[in-house]
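Residue numbers (my numbering): 3 to 504. Glycine included, every Cβ here is placed at the ideal spot set by N, Cα and C. Quick caveat: nothing in here was measured; it's all calculated off a predicted structure. Inspection log for the structure reproduced underneath, given as structure tokens.
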């Protein structure tokens, strides 16, 4: 199969489509329902927000031409570009912006991205190219929150939009590339949008589904791909020494963790047991075989303004872990720890089967904890079963995963008691209060102080074993030129500048 893929994919003419790989093709192309990074990346090529990041990661106008913020910071007026056209030829205007905000907010839509607009209380069309927004609280820099993607109002009968709407397979945006086709091999073809104001240099981009992450690097070496979003650590040396490949380091707002299910009747509902488990794990030993990176002590990357550097990563101390288990009513008459209920401490650990290097981490932690009397039962799940078991049924004790954030680093949904992504069942009324205040804070310094306090409190509760943020590298064929840098979250933000060189 691999040989056939190489033969077929290598037939593309030099200077043809830029081909990049995803472990799994996007299941849906609709910004309202983005839940995976592969979906976020392809959305970046097809759709646009009012603002986007420049090379200094400052918000600059995209669909917005200019804006004015009121003196009381509770509203803003945005003037829109007049040279924007939807991929189907319809003109873009203020109604599209207002419609999109209302669609994200509509409870009947149940958008996974609704939190991006929850701070906007009203969106008003002032004229065809002017929008007025009103906010629930003062906003110091509202443009930083206005990067969510805008949808074509003329393609929907109302703001109540279903995930199954036909738009998901026939998306219409204003971005530099337009949707061409979903293909039988799960690939997606995009064509250049010749009407786009940026005048993209590439004529075509093709997303290829390559579930075997180990094989992606070979496809790049054999010139059957032009781009890898993330290089496996084991492939770095090979690609670095290939004169036809250029590596691009980039820092993501992404961190790994073991999430601990704290719901009633679970072993990990006990704070002592959670802390004991955290103290028994040698995180440095887990990291060593999979790459390099920085350990983290809480829910932010170390470069974040919200990271609390006064909270050090936990130091391994299995003896103290054993003391905590004893305090929690556990005994160890033999090899295994026995709980107050007379049952062996056995923990079900689930993770995605296609999560990079997850198997290495799981086998390693399973071995570590077995020596200390804790049995780990690993399960590697496909995406559908994973969503059902983790998100819906909460049928797990431990989850190995990673969270990726844009630069807003909004962790409300993950750690607030009512958060839509708080599938570990974490609850702390004090943290809830701080998260609510941080969400409303207009002063950046106040928000920084609040979230650093959140970091400290969460670390003390041990709802997760916080692991690391990995050093990331993208790899591109040297034929792809004018690549100044890679966006740390969306990857393709500046792809309009990329060009096939001679």
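Under the 10 Å beta carbon count, residue 64 is surrounded by 16 or more other beta carbons and is classified as buried. Nearest Cα to residue 479 within the set 376, 496, 219, 295: 219. 8 Å or more divides the Cβ of residue 230 from the Cβ of residue 238. Check the Cα spacing between residue 407 and each of 39, 503, 324, 30: the tightest is with 39.
The C-alpha of residue 340 is placed about 42 Å away from the C-alpha of residue 36.
Counting C-beta pairs with one atom in each stretch, the region 91–106 and the region 127–139 have three or more that are closer than 8 Å, which means they touch.
Taking 3 residues as the shortest admissible run, the region 169–198 contains the following complete beta strand (DSSP E) segments, listed from N- to C-terminal end: 179–184, 190–194. A Cβ-Cβ distance of about 27 Å is found for the pair residue 232 and residue 424, leaving them out of contact under the 8 Å criterion. Taking residue 375 as reference, the option from 336, 387, 51 with the minimal CA-CA separation is 336. When the beta-carbon positions are compared, residue 123 and residue 101 stay at least 8 Å from each other. In the DSSP annotation of this structure, the continuous segment of the beta strand (DSSP E) that includes residue 247 starts and ends at 247–252. Taking a cut-off of 8 Å on C-beta distances, the region 455–469 does not touch the region 18–27, as fewer than three cross pairs fall below it. Rounded to whole angstroms, the Cβ separation of residue 385 and residue 354 is 7 Å, and the two are in contact under 8 Å. Around the C-beta of residue 287, fewer than 16 other C-beta atoms lie within 10 Å, and the residue is accordingly described as exposed. Three or more Cβ pairs closer than 8 Å define a contact, and the region 365–379 meets that threshold against the region 270–285.
Between the C-alpha atoms of residue 320 and residue 212 there is a straight-line separation of about 40 Å. Under the Cβ criterion (8 Å, minimum of three pairs), the region 260–277 does not count as touching the region 436–454.
Cβ-Cβ distances below 7 Å link residue 53 to 61, 62, 63, 64, 66, 145, 148, 149 in the same chain, with the five nearest sequence neighbours on each side left out; the list follows chain order.
Membership of residue 40 in the alpha helix (DSSP H) is indicated by the continuous run 39–48. Excluding five sequence positions before and after residue 72, the CB atoms of its chain that fall closer than 7 Å to its own CB belong to 78, given in chain order.
Between residue 365 and residue 90, the alpha-carbon positions lie close to 50 Å from each other. Here the alpha carbon of residue 487 sits roughly 16 Å from the alpha carbon of residue 255.
Within the region 291–339, the beta strand (DSSP E) runs of at least 3 residues that lie entirely inside it are, in chain order, 295–297.
Comparing C-alpha distances from residue 302 to each of 418, 44, 74, 471 shows the shortest one belongs to 471. If the five residues before and after residue 433 are omitted, its C-beta is found closer than 7 Å to the C-beta atoms of 417, 456, 459, 460, all from its own chain and listed in chain order. The alpha-carbon separation between residue 414 and residue 80 amounts to approximately 27 Å. DSSP places residue 107 inside the alpha helix (DSSP H), whose first and last residues are 96–107. With a cutoff of 8 Å on beta-carbon distance, residue 30 and residue 165 are scored as near each other.
Contact between residue 204 and residue 500 holds, with the beta-carbon distance rounding to 6 Å and staying under 8 Å.
Residue pairing of residue 21 in beta bridges, as defined by DSSP: 208.
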